[in-house]
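**Q** What follows is a structure written as structure tokens; I'll ask about it next.
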Amino acid sequence: MGDRVGRAAYDKKRLLLYAIISGSRRLIERLLRDLSTLFTTIEDFLWFKLSAIRDLPGGSSSALLNEASIPYSLDDLQAYLNKFEPSYYTKNGKDPLVYPYVLLLSIQFLPAILYLSKEAGDEGYNVDATHISIVLADHGVLSEGTGAGQKLGVMDAYAEASSLIRQYGSAYLRIGNLPLALEYYAQAAAAVGGGQFSWTGRGNADQQRQRSLMLKQLLTEILLRDGGIYFLLGPRGSGEGELVRFLTDANARQQFLLEAARQCLEGGLYDKSIEIHKRIGAFSMALDTINKCLSESICALSRGRLDGDSLTAGLIHSANEIMETYKYSSEISPLERESVMEQQTVLRQLEAILSIHKLARSGQYLDALREVAKLPFLPLDPRAPEITSDVFQSLSPYVQACVPDILRIALTCMDNVSDTDGSLRALRAKIASFLANNLKRNWPRDLYEKVARSL
Numbered sequence: 000m001g002d003r004v005g006r007a008a009y010d011k012k013r014l015l016l017y018a019i020i021s022g023s024r025r026l027i028e029r030l031l032r033d034l035s036t037l038f039t040t041i042e043d044f045l046w047f048k049l050s051a052i053r054d055l056p057g058g059s060s061s062a063l064l065n066e067a068s069i070p071y072s073l074d075d076l077q078a079y080l081n082k083f084e085p086s087y088y089t090k091n092g093k094d095p096l097v098y099p100y101v102l103l104l105s106i107q108f109l110p111a112i113l114y115l116s117k118e119a120g121d122e123g124y125n126v127d128a129t130h131i132s133i134v135l136a137d138h139g140v141l142s143e144g145t146g147a148g149q150k151l152g153v154m155d156a157y158a159e160a161s162s163l164i165r166q167y168g169s170a171y172l173r174i175g176n177l178p179l180a181l182e183y184y185a186q187a188a189a190a191v192g193g194g195q196f197s198w199t200g201r202g203n204a205d206q207q208r209q210r211s212l213m214l215k216q217l218l219t220e221i222l223l224r225d226g227g228i229y230f231l232l233g234p235r236g237s238g239e240g241e242l243v244r245f246l247t248d249a250n251a252r253q254q255f256l257l258e259a260a261r262q263c264l265e266g267g268l269y270d271k272s273i274e275i276h277k278r279i280g281a282f283s284m285a286l287d288t289i290n291k292c293l294s295e296s297i298c299a300l301s302r303g304r305l306d307g308d309s310l311t312a313g314l315i316h317s318a319n320e321i322m323e324t325y326k327y328s329s330e331i332s333p334l335e336r337e338s339v340m341e342q343q344t345v346l347r348q349l350e351a352i353l354s355i356h357k358l359a360r361s362g363q364y365l366d367a368l369r370e371v372a373k374l375p376f377l378p379l380d381p382r383a384p385e386i387t388s389d390v391f392q393s394l395s396p397y398v399q400a401c402v403p404d405i406l407r408i409a410l411t412c413m414d415n416v417s418d419t420d421g422s423l424r425a426l427r428a429k430i431a432s433f434l435a436n437n438l439k440r441n442w443p444r445d446l447y448e449k450v451a452r453s454l
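The sequence shown: position 275 = 274 (numbering that gives the first Met the number 0), numbered continuously.
What follows is the structure in structure tokens.
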């Protein structure tokens, strides 16, 4: 070859062919050094380099091979290309697609899609990056194209692609396009699970676990958006929407939705928690949340909350709807029935307390006092005998929270009516006795002072 390079009339094409066939790193490097103007485009240069690449013989090391026979490897090509900054290939941004093209041709898939996703401008390269990621992840080749010198493992490469696809899908979620968000989220979960094989259970155990965790997390994101429950669960129940595509087993759907409802509770999304529990037949849990919210709303009424009436009316309406649905539901366990009845009792007690609030606020003090005396769960009836047992202990915490305000309302009402038959004096005594029996409750100090002043 040395003789041919020295001649003036050598055949360049034949020389290139010899270099490609030999696959010798030394010959290829010498050819490129001596004939620096051989290639006029980077595409021609890359195709030549790719054609010259050889795999090392099985078990051989390049350090053990004869210098002349060391093959030109993919790592050699990648290391060579990575010596130059991206701006070298893009001509300082004039040809932005040349650099990712170089990366893709040199089987550096992950660096290529990451570069495209971060490329600034209005050209929409992030769209290309997302869809290239989906294809590469689906075919399971991302781990083979992390690039020379990259330290990413198999899962790291797929996690990077998954994150990119997820970010793209979240943009649709933010504008309320739930169907498209779902499709990209499903692809993101598949990517982290190793590609299309993850849907058929042919991935390894760790990939299956990663896919399942991410899928449930992303489905929960959609579920909690406006319209998410209807979209994933359908018009009724839990098996008529898109969720059944991904969670075909009814028990798996039930567990997923119970966990989603728990997250709603922790995040203060009570309406969604109630609706999810109602959809899966967990009526007692839905009623428990309603009772919690109703108790808090009743307590807020005493502090002058302006929207309290509409809020409490909405909660009671929801509770009655759930009771109606429960009535016609056939698959209810005995334990669930018992729990529903307990929650219904709490609901009616809170309704009775709410009615007293409304009477007192409208100036119907005497009627409010009559309702206080009639409360079956508090020992305040002046005509009833004294009760020594701790009836307060058996009440729901939601009802207990409302009791101090009810006592305060009763005392205020008694200040505004005349005691014509001594019944008000007896009611005051009942309230004082009740407070004395519950000193350990650490109720507001002003309540005790108000009772002391009224005696």
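Glycine residues also receive a C-beta, built at the ideal position from the N, C-alpha and C atoms.
Can you list, in chain order, the residues of its chain with a C-beta nearer than 8 Å to that of A359? Leave out the 5 residues immediately preceding and following it.
**A** The residues are A367, I408, T411, C412.
**Q** When DSSP builds the beta bridges, which residues end up paired with P70?
**A** P70 pairs with S23.
**Q** Only counting the same chain, and skipping five residues up and downstream in sequence, which positions put a Cβ closer than 6 Å to that of S105?
**A** Cβ neighbours of S105 beyond the five flanking positions: L76, Q77, L80.
**Q** Quick check on M284: buried or exposed, where buried means 16 or more other Cβ atoms within 10 Å of its Cβ?
**A** Buried, by the Cβ-count rule.
**Q** Mapping DSSP to helix, strand and coil, what is S61?
**A** Low confidence applies here, because S61 scores a pLDDT of 48, under 50, leaving its location unreliable and the question unanswered by this model.
**Q** Check whether the segment 179 to 190 and the segment 214 to 222 are in contact - that is, three or more C-beta pairs closer than 8 Å.
**A** Segments in contact, yes.
**Q** Using C-beta distances below 6 Å, list every residue in its chain close to L30, excluding the 5 sequence neighbours before and after it, in chain order.
**A** A18.
**Q** Whose C-beta lies closer than 7 Å to the C-beta of Y403 among residues of the same chain, with five residues either side of it excluded?
**A** Before going further, note that residue 403 is Pro rather than Tyr in the sequence given. Within the same chain, P403 has close Cβ partners W442, P443, L446.
**Q** Thinking C-beta only, is L115 closer than 7 Å to A128?
**A** Going by C-beta atoms, A128 is nearer than 7 Å to L115.
**Q** Using a 10 Å radius around the Cβ and a threshold of 16 neighbouring Cβ atoms, would you call Q216 buried or exposed?
**A** Burial call: exposed.
**Q** Looking at the secondary structure, which residues open and close the alpha helix (DSSP H) in which R261 lies?
**A** Here the alpha helix (DSSP H) through R261 covers 249 to 265.
**Q** Could you tell me the distance, in whole angstroms, from the CA atom of S86 to the CA atom of G92?
**A** Cα-Cα distance, rounded: 6 Å.
**Q** Give the list of continuous alpha helix (DSSP H) stretches no shorter than 4 residues that lie fully inside the segment 164 to 240.
**A** If we require 4 residues or more, the alpha helix (DSSP H) runs fully inside the segment 164 to 240 come out as 177 to 191, 204 to 222, 227 to 232.
**Q** First and last residue of the alpha helix (DSSP H) that includes H138?
**A** Here H138 belongs to no alpha helix (DSSP H), and DSSP marks it neither H nor E.
**Q** Please state whether DSSP places V378 in a helix, a strand or coil.
**A** In the sequence under discussion, the amino acid at residue 378 is Pro, which differs from the Val named in the question. Three-state result, P378: coil.
**Q** Take every Cβ of the segment 376 to 384, pair it with every Cβ of the segment 410 to 430, and state whether three or more of those distances are shorter than 8 Å.
**A** Taking 8 Å as the limit for Cβ pairs, the verdict is that the segment 410 to 430 does touch the segment 376 to 384.
**Q** Check this for me: beta carbons of R208 and S197, under 7 Å apart or not?
**A** Not a contact, by the Cβ cut-off of 7 Å.
**Q** Quick check: the Cα distance between I430 and L377, rounded to an integer number of angstroms?
**A** Straight-line Cα distance between these residues: approximately 10 Å.
**Q** Measure from the alpha carbon of L109 to the alpha carbon of each residue in E28, Y157, F83, then state which is nearest.
**A** The residue with the shortest Cα to Cα distance from L109 is Y157.
**Q** May I ask you to report which of helix, strand or coil DSSP gives P443?
**A** If DSSP states are grouped into helix, strand and coil, P443 belongs with coil.
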